[in-house]
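**Q** FYI, the numbering used here numbers position 93 of the sequence shown as 109, with every residue one higher than the one before it.
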Amino acid sequence: MGSGSALALGTSNLDLGCADLAIAGALDVANGSIDAARHVVVQPGGSLDGGTGVLQVAGDWTNSGTFVASMGTIAFADGCGVTTATISSDSTFSTLSLTSSTAKTYQFAEGSTQTVSTHLHISGAPGNLLAIRSKTDGVEANIDLQGTQLVDWVDVKDNHAIGSSIGYPGNSVSSGNTTGWFAIAAVPALPLVGLLALMATMALGARRLLGPRPPNRVSAA
């Protein structure tokens with residue numbers, strides 16, 4: 017999009033077919049969607065409004081202009097032959113989704129802070145952990161989570177969670193220099209014997225609350 021141009025998608029869908037999206041004008045996703053963007057660049061003087069729609073990105077994200085998250089979703093996913101995606105500059109997202117079933121690496125610019133106000137979704141796959149890294153090894157980036165989360169099958173290094181704690185250690189790992197990750201304890205599952213004992217105890221408690229049953233009365237005809 018050239019400087020001075022403006023586009024509001026309304027409820028339309030735009031499939032970029034792995035082309036880059038460079039925004040020098042004003043783009044409003046509104047209630048629509050943009051699929052299969054490779055790299056997204058909000059250029060100086062350009063603006064992107066997420067509306068309530070979805071922008072799907074396979075590659076890099078560079079915010080050098082104005083990004084207004086509104087209630088939109090920025091969804092990074094596999095595709096376009098990109099195995100490492102870089103998220104540069106500070107941005108505030110409403111919903112940020114990072115997914116991969118191919119052990120993709122998402123690297124954040126060192127020292128940058130990505131703020132997530134509504135929901136954070138990070139998900140790899142069994143045997144193919146999604147990797148969170150800093151663009152410069154050993155120098156951390158930050159995620160400030162202020163909303164809800166769904167995080168699983170992740171390998172994290174050089175990243176600090178400076179808002180809410182992120183993730184729990186069930187299927188994920190820390191590879192070092194992480195703060196605030198995996199501090200949420202998973203709810204332990206009861207073995208079958210323990211579950212049966214709990215159910216029996218609950219049933220007994222319910223019977224005691226109800227009190228003794230009155231005797232059956234048979235009336236004479």
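Positions of the beta carbon are idealized from the N, C-alpha and C atoms, including for glycine.
Computed from a predicted model, the values in this text were never measured in an experiment.
1) Buried or exposed: which applies to S49, given that a residue is buried once 16 or more other Cβ atoms fall within 10 Å of its Cβ?
2) Tell me which residues share the same chain as S105 and place their Cβ nearer than 7 Å to its Cβ, disregarding the 5 neighbours each side in the sequence.
3) Return the bridge partner residues of R9 from the DSSP annotation.
4) Consult DSSP for N158 and reduce its assignment to one of helix, strand or coil.
5) Which residues in the same chain have their Cβ closer than 6 Å to the Cβ of I159, if we skip the five residues on either side of it in sequence?
6) What is the rounded straight-line gap between the Cα of A141 and the Cα of S116?
7) In whole angstroms, what is the alpha-carbon distance linking A93 and V73?
8) Rounded C-beta distance between D31 and D44? I'm assuming under 8 Å.
9) Could you give the DSSP three-state label for V45: helix, strand or coil?
10) Out of F109, T99, S107, which one is the CA nearest neighbour of Y122?
11) Counting along the chain, where does the beta strand (DSSP E) carrying T118 start and finish?
12) Around the C-beta of L166, are 16 or more other C-beta atoms found within 10 angstroms, so that it is buried, or is it exposed?
13) Provide the residue(s) that pair with I182 in DSSP beta bridges, ordered along the chain.
14) Using only CA atoms, which one of I148, G20, A40, G179 lies nearest to S133?
15) Taking the C-alpha atoms as reference points, what is the distance between A205 and N187?
16) Between the Cα of V70 and the Cα atoms of F109, D174, M17, which residue gives the shortest distance?
17) Assuming L136 is part of the beta strand (DSSP E), what are its boundary residues?
18) Got a sec: does the ligand NAP put a non-hydrogen atom nearer than 7 Å to the Cβ of D171?
19) Let me confirm a value: D36 is counted as buried when at least 16 other C-beta atoms fall within 10 Å, else exposed. Which label applies?
**A** According to the structure data:
1) Counting Cβ neighbours within 10 Å, S49 comes out buried, since at least 16 surround it.
2) Excluding sequence neighbours, S105 sits near T78, N79, S80, A125, S128.
3) Missing from the structure shown is residue 9; the chain here goes from 17 to 237 and no further.
4) In this structure, N158 counts as strand in the three-state DSSP scheme.
5) Listed in chain order, the non-local C-beta contacts of I159 below 6 Å within the same chain comprise Q130, A177, local neighbours out to five positions each way being set aside.
6) So the alpha carbons of these two residues sit roughly 7 Å apart.
7) In a straight line, the C-alpha of A93 is about 6 Å away from that of V73.
8) Actually they are not in contact, since the Cβ atoms of D31 and D44 sit about 18 Å apart, beyond 8 Å.
9) Here V45 sits in coil by DSSP.
10) Nearest option by C-alpha distance: T99.
11) Where T118 is concerned, there is no enclosing beta strand (DSSP E), because DSSP gives it neither an H nor an E.
12) The residue in question, L166, is exposed, as its Cβ has fewer than 16 Cβ neighbours within 10 Å.
13) Paired residue(s): W197.
14) Ranking the options by Cα distance to S133, first place goes to G179.
15) With a pLDDT of 48 at A205, under the threshold of 50, the modelled position of this residue cannot be trusted; read the value that follows with caution. C-alpha separation (whole angstroms): 15 Å.
16) From the listed residues F109, D174, M17, the smallest Cα separation to V70 is found for F109.
17) Counting along the chain, the beta strand (DSSP E) containing L136 begins and ends at 129 to 139.
18) Ligands in the displayed structure: none, and consequently the ligand NAP is not present.
19) Per the 10 Å Cβ criterion, exposed.
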